[in-house]
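A short write-up of the structure that comes next.
Protein chains: 2
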Amino acid sequence: MKRSERLVAMTNFLLEHPRVLISLPYFSEEYGAAKSSISEDLDIVDEMFQYQGIGKLETVAGAAGGVKYIPLYSRENSIRFIDELCKRLEEPERILPGGYLYMSDLLGDPDIIRNLGKIFATAFADKRIEYIVTVATKGIPLAYAVANILNVPVIIVRRDPKVTEGSTVSINYVSGSSRKIQTMVLSKRSLPEGANVCIIDDFMKAGGTITGMQSLLKEFNANVVGIGVLAEAEDEEEERVIDEYYSLIKIQDVDIKEQRIEAVKGNYFTE
Amino acid sequence: MKRSERLVAMTNFLLEHPRVLISLPYFSEEYGAAKSSISEDLDIVDEMFQYQGIGKLETVAGAAGGVKYIPLYSRENSIRFIDELCKRLEEPERILPGGYLYMSDLLGDPDIIRNLGKIFATAFADKRIEYIVTVATKGIPLAYAVANILNVPVIIVRRDPKVTEGSTVSINYVSGSSRKIQTMVLSKRSLPEGANVCIIDDFMKAGGTITGMQSLLKEFNANVVGIGVLAEAEDEEEERVIDEYYSLIKIQDVDIKEQRIEAVKGNYFTE
Numbered sequence: 001m002k003r004s005e006r007l008v009a010m011t012n013f014l015l016e017h018p019r020v021l022i023s024l025p026y027f028s029e030e031y032g033a034a035k036s037s038i039s040e041d042l043d044i045v046d047e048m049f050q051y052q053g054i055g056k057l058e059t060v061a062g063a064a065g066g067v068k069y070i071p072l073y074s075r076e077n078s079i080r081f082i083d084e085l086c087k088r089l090e091e092p093e094r095i096l097p098g099g100y101l102y103m104s105d106l107l108g109d110p111d112i113i114r115n116l117g118k119i120f121a122t123a124f125a126d127k128r129i130e131y132i133v134t135v136a137t138k139g140i141p142l143a144y145a146v147a148n149i150l151n152v153p154v155i156i157v158r159r160d161p162k163v164t165e166g167s168t169v170s171i172n173y174v175s176g177s178s179r180k181i182q183t184m185v186l187s188k189r190s191l192p193e194g195a196n197v198c199i200i201d202d203f204m205k206a207g208g209t210i211t212g213m214q215s216l217l218k219e220f221n222a223n224v225v226g227i228g229v230l231a232e233a234e235d236e237e238e239e240r241v242i243d244e245y246y247s248l249i250k251i252q253d254v255d256i257k258e259q260r261i262e263a264v265k266g267n268y269f270t271e
Numbered sequence: 001m002k003r004s005e006r007l008v009a010m011t012n013f014l015l016e017h018p019r020v021l022i023s024l025p026y027f028s029e030e031y032g033a034a035k036s037s038i039s040e041d042l043d044i045v046d047e048m049f050q051y052q053g054i055g056k057l058e059t060v061a062g063a064a065g066g067v068k069y070i071p072l073y074s075r076e077n078s079i080r081f082i083d084e085l086c087k088r089l090e091e092p093e094r095i096l097p098g099g100y101l102y103m104s105d106l107l108g109d110p111d112i113i114r115n116l117g118k119i120f121a122t123a124f125a126d127k128r129i130e131y132i133v134t135v136a137t138k139g140i141p142l143a144y145a146v147a148n149i150l151n152v153p154v155i156i157v158r159r160d161p162k163v164t165e166g167s168t169v170s171i172n173y174v175s176g177s178s179r180k181i182q183t184m185v186l187s188k189r190s191l192p193e194g195a196n197v198c199i200i201d202d203f204m205k206a207g208g209t210i211t212g213m214q215s216l217l218k219e220f221n222a223n224v225v226g227i228g229v230l231a232e233a234e235d236e237e238e239e240r241v242i243d244e245y246y247s248l249i250k251i252q253d254v255d256i257k258e259q260r261i262e263a264v265k266g267n268y269f270t271e
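Top to bottom, those sequences are chains A and B.
Position 111 of the first sequence, counted from 1, bears residue number 111 in full-length UniProt numbering, the numbering being contiguous throughout.
Position 36 of the second sequence, counted from 1, bears residue number 36 in full-length UniProt numbering, the numbering being contiguous throughout.
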């Protein structure tokens with residue numbers, strides 16, 4: 001295989017296997033090239049990935065060594081993307097009764113979700129995350145996109161038990177905004193004891209849902225090593241019960257009368 | 001930019017923009033190369049994509065022309081992948097009370113979901129799909145993966161209305177297996193009138209849920225141009241109410257007493 005062909009094949013292979021250690025002999029054999037040529041190829045790939053702001057190759061030396069593609073989304077690209085998303089969130093027709101915002105169209109757009117996944121994966125790149133946890137329903141595509149890049153499984157906490165989940169652990173908690181008792185369940189076999197998990201959700205007000213998830217995860221002795229929410233908004237009646245989290249967007253104000261929304265960058269960019 | 005660098009950059013760009021028409025002048029400008037060089041680059045990329053079984057480049061001639069990456073997963077790769085997945089489904093510890101199978105671990109594995117997405121995207125490549133529709137909860141990652149490759153939005157039908165969905169259309173239907181009346185809701189603004197949609201779900205027995213989705217989609221005058229389910233199983237009490245669909249896996253038999261499961265390739269591979 002020629003260098004030009006190898007580069008296409010390797011680029012594709014590396015993008016498809018984020019965070020997986022690939023040994024140089026694997027590439028050597030697969031593409032029928034000397035290790036020295038493969039090394040040169042990898043240098044070119046690394047340089048271009050960094051130039052394009054999509055990540056870097058990490059080299060692990062030694063007999064068990066190789067190369068790993070670490071997807072990273074540059075800060076510059078992230079900010080540009082979130083600024084644009086804020087503008088879209090400020091479209092007045094998003095305002096729903098009660099001052100809620102319609103966001104399902106954005107959460108269903110694969111291009112948007114892919115980029116959000118990259119931003120969160122970058123934010124949590126050093127956290128040794130083993131599982132992404134989210135709660136049904138709207139956060140699932142986002143959680144899946146993050147998991148896809150970190151190359152770890154997604155675990156979905158449900159509001160209602162289902163027969164196809166097997167035996168479950170459930171907790172009751174008080175939702176911050178509605179003050180109602182709610183239930184969350186997680187399949188017992190979905191998460192091993194003591195795993196490092198990252199919670200991803202689409203929206204946070206007082207943070208009751210996330211506190212609920214933390215309690216549920218405590219039953220599995222999980223370490224919550226990161227919390228990421230796409231958008232946060234302040235709750236007028238309730239103080240925030242979570243302090244360590246990343247938000248990408250902050251809904252500053254929703255003025256129903258004036259039909260005006262103010263969305264700004266979240267704490268991930270400002271703190 | 002050198003050819004070797006361009007090839008890495010273009011491969012990444014094309015993989016990130018499936019089914020999007022990219023004009024040659026765009027690449028020319030972006031990478032500072034003559035159109036003739038870009039054409040040669042694209043030939044190499046196309047050849048390697050086909051060699052790796054991940055798709056092809058489609059060239060559109062003329063002034064408004066350019067090139068489009070069409071992701072396709074080769075039949076050979078698909079069959080190998082599904083055969084392995086069937087083996088995993090046959091692990092006896094998956095059997096749940098009532099003869100159900102635990103599948104959440106597979107549906108949460110990003111590698112598996114990515115490949116399943118590719119297979120469905122290939123199956124429906126010619127269908128001019130504008131939206132992927134699924135029902136909460138377990139089918140969402142799969143639907144998102146298909147949407148990601150077809151580059152169209154995902155729409156999630158819910159079992160319960162939520163304030164953040166705005167006004168909704170809801171229908172009641174009788175579930176095939178449990179014979180209970182169930183509800184499905186879809187946000188009114190999520191789907192424009194007369195769109196071409198593809199239904200994706202994780203599991204089908206008699207097909208009641210999918211019939212329900214079809215009725216709901218009729219309220220939006222949508223054309224259901226494809227139906228894809230990961231796994232199907234026969235319902236002993238109920239005849240199948242859907243006939244045109246693709247399944248990737250067929251659960252042939254679950255023997256609770258003998259703790260034996262038989263999973264085989266679905267109709268997409270056998271018909």
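Here a beta-carbon is modelled for each residue, glycine too, at the ideal position from N, C-alpha and C.
{"Item": "Cβ-based burial, N12 of chain B [other Cβ within 10 Å; buried from 16]", "Value": "buried"}
{"Item": "Alpha-carbon to alpha-carbon, Y73 of chain A and N77 of chain B", "Value": "30 Å"}
{"Item": "Cross-chain neighbours of M213 of chain A in chain B, by beta carbon under 8 Å", "Value": "Per Cβ cutoff of 8 Å: no residues; M213 of chain A is ~15 Å from chain B at best."}
{"Item": "Residues of the stretch 133 to 151 of chain A whose Cβ lies closer than 8 Å to any Cβ of chain B, in chain order", "Value": "A136, T137, K138, I140, P141, Y144, A145, A147, N148, N151"}
{"Item": "Residue environment, P71 of chain B, which counts as buried when at least 16 other CB atoms sit within 10 Å", "Value": "buried"}
{"Item": "Every unbroken beta strand (DSSP E) inside the UniProt domain \"Phosphoribosyltransferase\" (112 to 255) of chain A [3 residues or more]", "Value": "131 to 135, 154 to 157, 168 to 174, 181 to 187, 196 to 204, 223 to 233, 246 to 255"}
{"Item": "Straight-line Cα distance separating V60 of chain A from L85 of chain B", "Value": "31 Å"}
{"Item": "Whether K56 of chain A touches D46 of chain A by CB criterion (8 Å)", "Value": "yes"}
{"Item": "Chain C contacts made by the stretch 154 to 167 of chain B, where a contact means CB separation under 7 Å", "Value": "The chain labelled as chain C is not found among the protein chains of the depicted structure, namely A and B."}
{"Item": "Own chain partners of G139 of chain A with C-beta closer than 7 Å, once the 5 adjacent residues on each side are dropped", "Value": "I200, D201, D202"}
{"Item": "Backbone secondary structure at A9 of chain B - three-state DSSP", "Value": "helix"}
{"Item": "8 Å Cβ cutoff, T11 of chain A in contact with chain B", "Value": "yes"}
{"Item": "Environment of Q259 of chain A [buried if 16+ CB atoms lie within 10 Å]", "Value": "exposed"}
{"Item": "Short CB-CB distance (under 8 Å) between V254 of chain A and chain B", "Value": "no"}
{"Item": "Beta bridge counterpart(s) of R260 of chain A as assigned by DSSP", "Value": "A:D255"}
{"Item": "Cβ neighbour criterion (16 or more within 10 Å) applied to R80 of chain B", "Value": "exposed"}
{"Item": "Pairwise C-alpha distance: K68 of chain B and M184 of chain A", "Value": "44 Å"}
{"Item": "Residue nearest to V130 of chain B in terms of C-alpha spacing, selected from B:T122, B:A136, B:G266, B:N223", "Value": "Checking the sequence shown, residue 130 of chain B turns out to be Glu, not Val. Comparing Cα-Cα distances from E130 of chain B to each of B:T122, B:A136, B:G266, B:N223, the minimum goes to B:N223."}
{"Item": "Euclidean distance between Cα positions of V157 of chain B and L14 of chain B", "Value": "31 Å"}
{"Item": "Residue-level contact to chain B via CB, D109 of chain A, 8 Å cutoff", "Value": "yes"}
{"Item": "Contact set between M48 of chain B and chain A, taken where Cβ atoms lie within less than 8 Å", "Value": "E5, V8, A9, N12"}
{"Item": "Proximity winner among B:Y268, B:R179, B:M103, relative to Y246 of chain B (alpha-carbon distances)", "Value": "B:Y268"}
{"Item": "Where I38 of chain B sits in the DSSP three-state scheme", "Value": "helix"}
{"Item": "Closer than 7 Å at the beta carbon, the chain A residues around D44 of chain B", "Value": "According to the sequence as given, residue 44 of chain B is Ile; it is not Asp. Simply S4, E5, V8."}
{"Item": "Boundaries (first-last residue) of the alpha helix (DSSP H) holding K87 of chain B", "Value": "75 to 89"}
{"Item": "Sub-8 Å separation of A136 of chain B and G117 of chain B beta-carbons", "Value": "no"}
{"Item": "Segment limits, alpha helix (DSSP H) that includes Y26 of chain A", "Value": "24 to 31"}
{"Item": "As assigned by DSSP and simplified to three states, the class of I70 of chain B", "Value": "strand"}
{"Item": "Exposed unless 16 or more other CB atoms sit within 10 angstroms - verdict on K250 of chain B", "Value": "buried"}
{"Item": "Under 8 Å from the C-beta of S187 of chain A: neighbouring residues of chain B", "Value": "Y102, S104"}
{"Item": "Near-chain A residues of the stretch 47 to 70 of chain B (beta-carbon distance less than 9 Å), N- to C-terminal order", "Value": "E47, M48, F49, Y51, Q52, I54"}
{"Item": "Chain A contacts from the stretch 80 to 99 of chain B (Cβ-Cβ distance under 8 Å)", "Value": "L96, P97, G98"}
{"Item": "Proximal residues to Y102 of chain A (C-beta, below 6 Å), its chain only, five neighbours per side dropped", "Value": "R94, L96"}
{"Item": "Local conformation of V60 of chain B per DSSP, three classes", "Value": "strand"}
{"Item": "Coil, strand or helix - L21 of chain B by DSSP", "Value": "coil"}
{"Item": "Distance CB(G208 of chain A)-CB(S170 of chain A) smaller than 8 Å", "Value": "no"}
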